[in-house]
Amino acid sequence: EVCNMINKKYNEFLPSLQSAEELVAQVEGLTGSIDRLKAGIESEVQRDLNVAMAEFTELKQQLERDSLVLSVLKKLQEFDAAIKEYNSALLEKKYVVAAQQLEKARSCLKTLESRKGFELKILRALSTELTVQTQNMLYHLGEEWQKLAVWKLPPSKESSSLESVLHSELHLHTVPPKEEEAAGPPAASVLQAFAVLGELQAKLKIFGQLLLKHILKPLVLYPALQPLTEEQSDGFILRFQSQGPGSGHCSPVEVFEKIKLVFEVLHKYLLNVPLEQPVGQAEGRLTLAELLGDMIWEELSNCLIQNCLVNSIPTKSSKLEQYIEVIHSTEDFEQALKEMKFLKGDTTDLLKYARNVNSHFANKKCQEVIVAARNLMTSEIHNTVKITPDSFIALPKLPDLKAGDHLSTQRASELLHAAVVTLEAEPKLSQYTFALPTCRISASVQQLMELAYQTLLEATASTDQCCVQLFYSVRNIFQLFYDVVPTYHRESLQKFPQLAAIHHNNCMYIAHHLLTLGHQFHYRLTNVLCQGAATFVDMVPGFRRLGMECFLAQMRVQKGEILERLSSARNFSNMDDEENYSAATKAIKQVLHQLKRLGKVWQDVLPVNVYCKAMGTLLNTALSEIATRIAALEDISAEDADRLYSLCRTMVEEGPQVFTPLPEEERNKKYQEEVPVYVPKWMTFKELMIILQANLQEIVDQWADGKGPLAAEFSAAEVKSLIRALFQNTERRAAALAKIK
Numbered sequence: 001e002v003c004n005m006i007n008k009k010y011n012e013f014l015p016s017l018q019s020a021e022e023l024v025a026q027v028e029g030l031t032g033s034i035d036r037l038k039a040g041i042e043s044e045v046q047r048d049l050n051v052a053m054a055e056f057t058e059l060k061q062q063l064e065r066d067s068l069v070l071s072v073l074k075k076l077q078e079f080d081a082a083i084k085e086y087n088s089a090l091l092e093k094k095y096v097v098a099a100q101q102l103e104k105a106r107s108c109l110k111t112l113e114s115r116k117g118f119e120l121k122i123l124r125a126l127s128t129e130l131t132v133q134t135q136n137m138l139y140h141l142g143e144e145w146q147k148l149a150v151w152k153l154p155p156s157k158e159s160s161s162l163e164s165v166l167h168s169e170l171h172l173h174t175v176p177p178k179e180e181e182a183a184g185p186p187a188a189s190v191l192q193a194f195a196v197l198g199e200l201q202a203k204l205k206i207f208g209q210l211l212l213k214h215i216l217k218p219l220v221l222y223p224a225l226q227p228l229t230e231e232q233s234d235g236f237i238l239r240f241q242s243q244g245p246g247s248g249h250c251s252p253v254e255v256f257e258k259i260k261l262v263f264e265v266l267h268k269y270l271l272n273v274p275l276e277q278p279v280g281q282a283e284g285r286l287t288l289a290e291l292l293g294d295m296i297w298e299e300l301s302n303c304l305i306q307n308c309l310v311n312s313i314p315t316k317s318s319k320l321e322q323y324i325e326v327i328h329s330t331e332d333f334e335q336a337l338k339e340m341k342f343l344k345g346d347t348t349d350l351l352k353y354a355r356n357v358n359s360h361f362a363n364k365k366c367q368e369v370i371v372a373a374r375n376l377m378t379s380e381i382h383n384t385v386k387i388t389p390d391s392f393i394a395l396p397k398l399p400d401l402k403a404g405d406h407l408s409t410q411r412a413s414e415l416l417h418a419a420v421v422t423l424e425a426e427p428k429l430s431q432y433t434f435a436l437p438t439c440r441i442s443a444s445v446q447q448l449m450e451l452a453y454q455t456l457l458e459a460t461a462s463t464d465q466c467c468v469q470l471f472y473s474v475r476n477i478f479q480l481f482y483d484v485v486p487t488y489h490r491e492s493l494q495k496f497p498q499l500a501a502i503h504h505n506n507c508m509y510i511a512h513h514l515l516t517l518g519h520q521f522h523y524r525l526t527n528v529l530c531q532g533a534a535t536f537v538d539m540v541p542g543f544r545r546l547g548m549e550c551f552l553a554q555m556r557v558q559k560g561e562i563l564e565r566l567s568s569a570r571n572f573s574n575m576d577d578e579e580n581y582s583a584a585t586k587a588i589k590q591v592l593h594q595l596k597r598l599g600k601v602w603q604d605v606l607p608v609n610v611y612c613k614a615m616g617t618l619l620n621t622a623l624s625e626i627a628t629r630i631a632a633l634e635d636i637s638a639e640d641a642d643r644l645y646s647l648c649r650t651m652v653e654e655g656p657q658v659f660t661p662l663p664e665e666e667r668n669k670k671y672q673e674e675v676p677v678y679v680p681k682w683m684t685f686k687e688l689m690i691i692l693q694a695n696l697q698e699i700v701d702q703w704a705d706g707k708g709p710l711a712a713e714f715s716a717a718e719v720k721s722l723i724r725a726l727f728q729n730t731e732r733r734a735a736a737l738a739k740i741k
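Residue numbers are given in full-length UniProt numbering: position 69 of the sequence shown equals residue 69, and the series is strictly consecutive.
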């Protein structure tokens, strides 16, 4: 069976083997055929193909060269045709066509020059020719433009005055004769040709600057200037005439009307020209008005703001409502310029400035207030006015409270009434309790305070933002005073006692008003300030300190002078020596003279109580120094004692006479009698005089076992020292000294 199986499988396999062997034989035959074919292709067909490729490449290159030559020749032909067309159009004064042909020729030349590897010597000649023709064209256009727009101007040296401006004229010959109307206006042709050549910007810039300098700006700067237009057959003339005053500020409404008139005429005769764009620029046609507007509007707008709108901003809030006319006029002015296409886009800086009038009003008002305040601060201090408890700054009448404030006011008045009822049975305060005492202050400071009140009143009638600005401007006034006056007047305040006294009064006067200044306007100011911010109380201590420090510095100077004069009295020793006595007498007289002079310069200037304290302090300095020097002497002869007593009597007799706070002599006696109140060492000095003339027993009696008047002024050691100096060493002196303890 196994053999049968093997035979069977062999019989099945044998046909497949034979078939495979046949296929192998066929493949080998086919492979031989392929090899022969490949050898034939490589030897014959590839050679023919290479020849064909070389011929094709050569033909292609030849075609490219021929195409390039053809395109170059075509461009050269176009260039030549454009130049011929240009020459023909120029002769016929068809400037736009001529300019377009020149630009076409320029485009051809650029195309030729851009072809790399194909440089022709002729291109340089063509470029030169094109430049020559362009300049020729620009020359002709320039000549035409000069005929169209003729400026007649004054000599350049005189161009800044009203008289010279009146001689400025602009002649525009832009209306063609009737027989030429069909050909189009020459002005448009010339300007469009300039535009095509890309030269219009330069020409228009010069025209715009002349227009600004000689027509538009003078109309803003000189209120008397009026534009006059005179129409003629071929155009118009723009000139000026003078009407009214030559100085002052012109109303914005009038200025806008004048400038609008100029633009209307210019638009009619010159500006309403659609422009051909230079080749290669974005599409969309501009008008001449738009182009000129872009060039001069910013400068014209700034001029109108700085020289017209700034001056028209009101300085009183009551006039702000009237300013709406200026805003409407500005809107109409801009709208008119937009319709003439002189302006484009949204609201300009000019209109924004006009609409922002509240902010400008506040800034202008604040600036005016600060300038006025500074001028007052730098004026002379010595020009004074008298202030009495009855005098006050007339408070401006405040507007009625709003309805919402009525209830709080009613409650406040009820509380006040209740308080008055409860106080009726108690002692009442004088009406002058909180009043400023009679004194003299600088007239400029009174005016400064009036300025502060007026500014705060202005604030109550203003918008919230303006109110806040004005309120802080008033605070700035006082801060400025605090910083400027002591510095600006430093030398005068140090040198002149009267000015130091006036400055002291000025500071106290300002501090007095600052206590209530914010409260008086509390319910009238904006809500922002009503929440506790509307106050000046925080500045009061600073002003009081400023006045006191200045006056105390002057007091120190005067004290120094008194002590310096007394230092020349040779310690009041050896008065029996004539020379020493003369020196002491001179020193006493000099001190009294100084005090009298101060008494005069401070008279009717300082408040009486301040005057008396100041004079008392200085007299006390002199008496204290004299008493200290005499008490320190170790030996005083009888003659010395007499002479020292004489000197002291001079001080006691003449000292009170320096107290002259009031101009009326009889009213000063009261204060002269009250000298001991203001001079702490007065009784000490009187007791010293008693000692100089007393015997030992009288001194002991004055001491009265430490309970007498002498003991109240001198210590036991000082009294003993004086006894030893005055009396010789005897038993009586020893007994007297023993009782002084």
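Glycine included, C-beta positions come from ideal geometry on N, C-alpha and C.
Could you give the distance in angstroms between the alpha-carbon of V485 and the alpha-carbon of R374?
-> 9 Å
Under 8 Å Cβ to Cβ from M377, same chain only, skipping five residues before and after it: list those, please.
-> S444, L448, L480, F481, V484, V485, Y488
Under 8 Å by Cβ, that's how I've got L197 and L138 pegged, so tell me the actual separation to the nearest angstrom.
-> 7 Å
Residues that L170 bridges to, as DSSP identifies them = W151, L238
Inspect the beta-carbon positions of F79 and A99 and report whether they are closer than 8 Å.
-> no
Within 10 angstroms of its Cβ, does R565 collect 16 or more other Cβ (buried), or is it exposed?
-> buried
Cα-Cα, which of P607, M340, F256 is closest to T287?
-> M340
Alpha-carbon to alpha-carbon, Q594 and R667 = 22 Å
For C3, which residues of its own chain have a beta-carbon under 6 Å away from its beta-carbon, when the five flanking residues on both sides are left out?
-> none
Quick one: what does DSSP say L387 is sitting in, helix, strand or coil?
-> The displayed chain sequence assigns Ile, not Leu, to residue 387. If DSSP states are grouped into helix, strand and coil, I387 belongs with the strands.
Contact under 8 Å by Cβ, E298 with K344 | no
Relative to the alpha-carbon of V474, which residue among D464, L514, L436 has its alpha-carbon at the smallest distance?
-> L514
Considering only residues of the same chain and omitting the five flanking positions on each side of R724, which have a CB-CB separation below 7 Å?
-> none
Expected contact under 8 Å - CB spacing of R239 and E331 to nearest Å = Contact doesn't hold; Cβ gap of about 29 Å is too wide.
Counting only the same chain and skipping the five closest in sequence on each side, list residues whose C-beta sits under 8 Å from that of V675.
-> G616, L619, G655, P656, F659, W682
Buried or exposed: where does F13 fall if 16 or more other Cβ atoms within 10 Å of its Cβ makes it buried?
-> exposed
Among the residues of its own chain, which have a CB less than 6 Å from the CB of M5, if the five just before and after it don't count?
-> none
Between which two residues does the alpha helix (DSSP H) carrying Q520 extend?
-> 497-520
Same chain, Cβ closer than 7 Å to A587, five either side skipped, listed in chain order | R565, L566, S568, A569
Given that a residue counts as buried once 16 or more other Cβ atoms are within 10 Å of its Cβ, and exposed if not, what is T455?
-> buried
With distances taken from CA atoms, which of L63, Q62, S107, F56 is nearest A81?
-> S107
Please work out which residues of its chain come closer than 8 Å, Cβ to Cβ, to L470, disregarding the five sequence neighbours upstream and downstream, and give them in chain order.
-> A362, K365, C366, V369, T455, L456, E458, A459, S462
Select from L726, V262, S492 the residue whose C-alpha is nearest the C-alpha of L225.
-> V262
Using 8 Å as the Cβ pair cut-off and three pairs as the minimum, do the stretch 539-552 and the stretch 572-579 touch?
-> no
Can you check whether the CB of T348 is closer than 8 Å to the CB of E325?
-> no
According to the Cβ coordinates, are V605 and A501 closer than 8 Å?
-> yes
Among E42, N311, G235, E578, nearest to V253 - alpha-carbon criterion = N311
Leaving out five residues on either side along the sequence, give the residues of the same chain with a beta carbon under 7 Å from the beta carbon of V51.
-> none
Exposed or buried, what is P218 when buried is set at 16 or more other beta-carbons lying within 10 Å of its beta-carbon?
-> buried
How is L197 classed by DSSP in three states: helix, strand or coil?
-> coil
Does DSSP put C250 in a helix, a strand or coil?
-> coil
Roughly how many whole angstroms lie between the Cα atoms of S242 and L166?
-> 7 Å
Quick one, which of E698, A584, H504 has its alpha-carbon nearest Q554's?
-> H504
Taking only the alpha-carbon atoms, compute the straight-line gap between I740 and W602 and give it to the nearest angstrom.
-> 44 Å
Does the beta-carbon distance from V96 to L148 come in below 8 Å?
-> no
In whole angstroms, what is the alpha-carbon distance linking Q281 and T111?
-> A caution first: Q281 carries a pLDDT of 46, below 50, which makes its placement in the model unreliable, though a value can still be read off. Answer to the nearest angstrom: the Cα atoms are 17 Å apart.
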